[in-house]
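Only one structure is covered here, and it is reproduced in the block below.
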Amino acid sequence: MKATEIFELSLIPDIEDSQGWQNYKQYYVKPIEYKREDNLVLIASYDKKFNSYNIGFFELNEKFKNKKIEKKSDLKDLKLVSNLGLLKTSAGFEVEVVGVEKNFRGKNLAQKMYRFFLENIGQPIISDYKLTRSGFNLWKKFYFSNDFTVKGINTKTREIFDVYFDETKNKFTSKNFDLYQSDNFRLALFLKSN
């Protein structure tokens with residue numbers, strides 16, 4: 001499969017199975033509660049064994065409505081409604097998985113998870129070399145946002161370079177590199193500095 005096919009997004013389906021998302025709860029080792037909004041709680045977890053972060057919104061239930069979620073809290077009864085998994089690599093933290101359950105879309109949960117990581121961990125987020133249509137649209141939103149900066153990165157050399165979004169071709173481009181000729185070329189997300 002060529003990288004061009006991946007970035008043109010015709011081959012990778014979005015995950016729609018709401019039960020499948022619940023399997024990601026097992027990666028929340030020593031979960032820490034960071035923020036509540038509406039009936040959701042943002043929880044983050046770092047796994048030293050795999051050198052990875054999981055950040056997600058969980059739907060609150062009666063057990064935790066008035067009780068803070070702590071490192072020893074059992075999340076089995078909470079419903080995971082969005083998840084961002086990031087794996088530390090030599091180039092930085094790369095997206096392993098990201099998704100928002102269908103009934104919770106439109107609340108900017110994905111953007112909030114990315115923002116949380118950038119604000120609290122302070123490292124850029126690097127895209128996977130495969131993007132679903134939803135993932136591509138998310139990176140496109142980041143590009144046009146006033147809050148984020150999208151750059152290109154060569155994951156082999158760690159060189160960061162400017163990318164542009166070509167609206168006529170609906171794809172990211174660069175003056176210096178062909179982003180679609182190598183799996184080493186990815187997108188990198190930063191918070192805009194004021």
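Under my numbering, residues 1 to 194 are what the sequence shown spells out, in order. Beta carbons are placed, not taken as given, at the ideal position from N, Cα and C, and that holds for glycine. Owing to the predicted nature of the structure, the values given are computational and were not obtained by experimental measurement.
- Excluding its 5 nearest sequence neighbours in each direction, F165 has C-beta neighbours in its own chain below 6 Å: Y143, F172, listed in chain order.
- Collapsing the DSSP output to three states places F148 in a strand.
- Using a C-beta cut-off of 8 Å, the region 82 to 101 makes contact with the region 141 to 158, since at least three inter-stretch Cβ pairs fall below that distance.
- The beta carbon of K25 sits closer than 6 Å to the beta carbons of L75, L80 from its chain, once the five residues preceding and following it are set aside; these are given in chain order.
- The criterion of a C-beta distance shorter than 8 Å is not satisfied by I55 and F136.
- With a threshold of 16 other beta carbon atoms within 10 Å, S193 falls short and is exposed.
- For A110, the uninterrupted alpha helix (DSSP H) run begins and ends at 109 to 121, by DSSP.
- Excluding the 5 residues flanking it on each side, E59 has same chain C-beta neighbours closer than 7 Å at N39, L40, L78, K79, V81, in chain order.
- For the options D47, K175, G106, the alpha carbon positioned closest to that of K141 is the one of G106.
- DSSP places T157 in no beta strand (DSSP E); its state is neither H nor E.
- Between the C-alpha atoms of N103 and F57 there is a straight-line separation of about 13 Å.
- Under the DSSP assignment, V163 falls outside any beta strand (DSSP E); it carries neither an H nor an E label.
- Note on the region 19 to 57: there is no whole alpha helix (DSSP H) run with a minimum of 4 residues.
- For L191, the uninterrupted beta strand (DSSP E) segment begins and ends at 185 to 191.
- With respect to P124, I69 sits apart: the two C-beta atoms are not nearer than 8 Å.
- Within the region 62 to 117, the beta strand (DSSP E) runs of at least 3 residues that lie entirely inside it are, in chain order, 79 to 89, 92 to 100.
- Rounded to the nearest whole angstrom, the CA to CA distance from F148 to L109 is 15 Å.
- According to the DSSP assignment, F172 belongs to the beta strand (DSSP E) that extends over 171 to 173.
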